[in-house]
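Line order of the protein sequences matches chains A and B. Just so it is clear: in the first sequence, position 268 is 1234 by this note's numbering, and no numbers are missing. Just so it is clear: in the second sequence, position 131 is 373 by this note's numbering, and no numbers are missing. Take a look at the structure set out below.
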Amino acid sequence: MAEERRRLRAGVIGTGTIAFSAHLPAFQKLRDEIELVAVADVRAEAVQTAAEMYGVETHYTDYQEMLRRERLDFVDICTPEFLHPEQTEAAAQAGVHVLCEKPMAASVTGADRMIRACEAAGVKLMIAHSRRFTGRYMQIRAAIERGEIGEVRYVRENERRPLTMYDQLDLAATYWEPEGGKPWVQMAGYTHGAAMTNAVHETDLARWFVGRNPTSVYAEARMTQADSEIPDMLTYTVEFEGGAIAAAEVVNHLPRGYPYFHMMEVIGTEGRIQAIDPEQSPSTVAHASGMTQQQNFPVLLHVDEAYVREIRAFAEAVRNDTEPVLSAHEARGAIELSVGAVLSYKRGEPVSLPLPEGVAVDD
Amino acid sequence: MTNTGNWTIIGSGDLAEQLTKSARYIDIPSGRTVSTTPDDVPNGAIATGAALLSAQARSAVSPLYGFRVLEVAAGTVRDGDAGKIYGFFGSYRLERGATADELRDQALVPLLAYALDIFQSSVERVMVRRASLLASDDAWFVTLRLADETLLTLEVMAVRPSGAGPQILVEITGSEQVLRLEPTRQSVVVERTDAPSRALPWWEDEAERLLAYIAARPTEIRSAERLREVWVAMEQSLESGAAVEA
Ligand SMILES: NC(=O)c1ccc[n+]([C@@H]2O[C@H](COP(=O)([O-])OP(=O)(O)OC[C@H]3O[C@@H](n4cnc5c(N)ncnc54)[C@H](O)[C@@H]3O)[C@@H](O)[C@H]2O)c1
């Protein structure tokens, strides 16, 4: 008779948009393997709703208390990136393994703090780069690994979002408004904007597909909304060792009727891989006011098996005491590239990589 | 040099040949000279193709106006229907093996001329990178920041499989509209059991449309001066490896 596996004990820190849209539903699917025993969020109402909706026994408004009391195997951090280093350090000190949402941190120094804390405490750290667990990108990577397009020389990813991406999901909690009236994702004191919030996916995938280290990045950025404090549009070009190039254009606030647009292209010495979402739409409906296209995924590019795969992959590493499939150093590389892009558009010049140690985004 | 009706076409490459062939179908009331050759752009002639950057060129028109969808898109943006414009992404690919000069003359400069024609705000900063992806100097990456903050991203490269023809993609993002234009996408696809599938293009004659554009919109043909100024900044950026304030 097969030995019954112990369910791992997990806790979530931050029950906002990504938790409600992806992580909490994924934990529900994984309930035979992982028990979500507690959730924590500074917003009492959001965390209580999360606990009620997902049948989580305990909820906290202080994540430190959760770490002290719950004997967790691992914690899943779903808070804004500027909080990731301190929350990872706290979990590591409590002997709890850490799965943490992308972007790993708001700075390379922050990413290094996370790596150091987890290494010192002997706990595992994986950054939840959900696209690495998404069918589309897994297929691309597998085709590259099979040698189908030869050596990768160019990666282009254009990603564009409509103004109200999450509206149709009708989530129980939306963005945190730390000072009231404005979500943190639009506030200069809380995030660097598009280079982090979504382009860290692009910087991570570019590194993954090219498989080499970047040597320089040039970026331009702008704000599209009158009340923005940080850029929500970015265009960049990265050069890699050996001369490969990666480029991306990311725009976040397009007209409401616009679909979630995504174009990924990888050119190699022997061929090309391409994935364009609206073009490959499995459904097109014509009506009086135009045409509506639908995808097989709801809103995010990579729900929902991606999150199940990602959380399961980390849980397996914890259970079997193996290295997580995505090393924290890889995720640090994506942060370094994104930070390089921010430095580039702030300085108006190309930035060499790797960045000098300790460089801050405001330098 | 060929005279057809009121048209005088100067040049010897493919584009000049096509323009010459098409000239007989497009009536124009008075004489017009179009030059595709950089060293022969007489006074009053309109430069296009390789002649776009010629020091003698007074007015210039991008050959991309030979594609109806790009002409309509330019109008949409100029008339404000797309709202406040955030960005312009232009990609022009030629077949592998195209020379660095062909890439510049047939892809980069036409794309640049088209973008600058649509956006009149002055260019603030330019960054140019050339790369060798599959062969030496077979790609250009250009980023332009305009004074009104519009971000232009241009990429041209010689990466298309041989026989596949060129591929053009223009994406314009605005507060009211987002335009995605692929003038070269119109094709019939032939699938065979013994060979990879092929797309056979069937878009209309670009040369004929380009002449029709010139004939119909004489007042919209712009001065070539700005294009040349931006090009000089681009060359400086390429040489120095730095972004250049234009
Ligand atoms: N993988 C993806 O594609 C993806 C998509 C969206 C967001 N994210 C990432 O997820 C993270 C969260 O983003 P979001 O969109 O869910 O934001 P959000 O504002 O909706 O959620 C963040 C939550 O953290 C809570 N919080 C703030 N301070 C806290 C603290 N000190 N302790 C506990 N909780 C605290 C907030 O109350 C809020 O509920 C970000 O790093 C973001 O980049 C990833």
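Glycine residues also receive a C-beta, built at the ideal position from the N, C-alpha and C atoms.
Taking the Cα positions, B:Ile414 is about 28 Å away from B:Gly405. Using a CB distance cut-off of 8 Å, A:Glu1315 counts as an interface residue toward chain B. Our two residues, A:Lys1312 and B:Asn245, have alpha carbons roughly 53 Å apart in a direct line. Around the C-beta of B:Tyr334, 16 or more other C-beta atoms lie within 10 Å, and the residue is accordingly described as buried. Note on B:Trp444: under 16 other CB atoms within 10 angstroms of its CB, so exposed under the neighbour-count rule. Here the stretch 448-459 of chain B makes contact with the stretch 302-321 of chain B; the two share three or more CB pairs at distances below 8 Å. For A:Cys1066, no alpha helix (DSSP H) run applies; the uninterrupted beta strand (DSSP E) run containing it begins and ends at 1063-1067, by DSSP.
The beta carbons of A:Leu1038 and A:Val1003 sit about 7 Å from each other, so the pair counts as a contact at 8 Å. A Cβ of chain B is located within less than 8 Å of the beta carbon of A:Glu1186.
Residues are counted here when their Cβ sits less than 8 Å from a Cβ of chain B; for the stretch 1207-1221 of chain A these are Gly1209, Ala1210, Ile1211, Ala1213, Glu1215, Val1217, Leu1220, Pro1221, given in chain order. For the set B:Pro408, B:Met476, B:Val412, the Cα lying nearest the Cα of A:Glu1215 is the one of B:Val412.
In the displayed model, A:His1167 falls within a helix according to three-state DSSP. For A:Met1199, the C-beta contacts it makes with chain B under 7 Å involve Tyr328, Gly329, Leu393, in order along the chain. Taking the beta carbon of B:Arg367 as reference, the chain A residues within 9 Å of it are Glu1186, Gly1314, listed in sequence order.
In this structure, A:Val1232 lies away from A:Tyr1202, with their beta-carbon atoms at least 8 Å apart. Residues of the same chain with their beta carbon placed closer than 6 Å to that of A:Arg1285 are lacking, with the five preceding and five following residues left out of the count. Here A:Tyr1029 is near A:Ala1006, since their CB atoms are less than 8 Å apart. DSSP places A:Asp1042 inside the beta strand (DSSP E), whose first and last residues are 1040-1043. The closest CA to that of B:Val283, considering only B:Glu433, B:Leu394, B:Gly253, is found on B:Gly253.
Boundaries cannot be given for B:Asn248, as no beta strand (DSSP E) includes it and DSSP labels it neither H nor E. Residue-level contact by beta carbon holds for B:Gln419 and chain A, with a gap shorter than 8 Å.
At least 8 Å separates the CB of B:Ser439 from every CB of chain A. Looking at the DSSP output, A:Ala1214 shares a beta bridge with A:Glu1123, A:Tyr1202. Cβ-Cβ separation between A:Thr1075 and A:Gly1299: approximately 15 Å, too far for a contact (criterion under 8 Å). With its beta carbon less than 8 Å from one in chain A, B:Arg371 belongs to the interface.
Across the stretch 1109-1120 of chain A, CB contacts with chain B closer than 7 Å involve Arg1119, Tyr1120, in sequence order along the chain.
If you keep only unbroken beta strand (DSSP E) runs of at least 3 residues inside the stretch 386-431 of chain B, you get 393-402, 409-416, 420-423.
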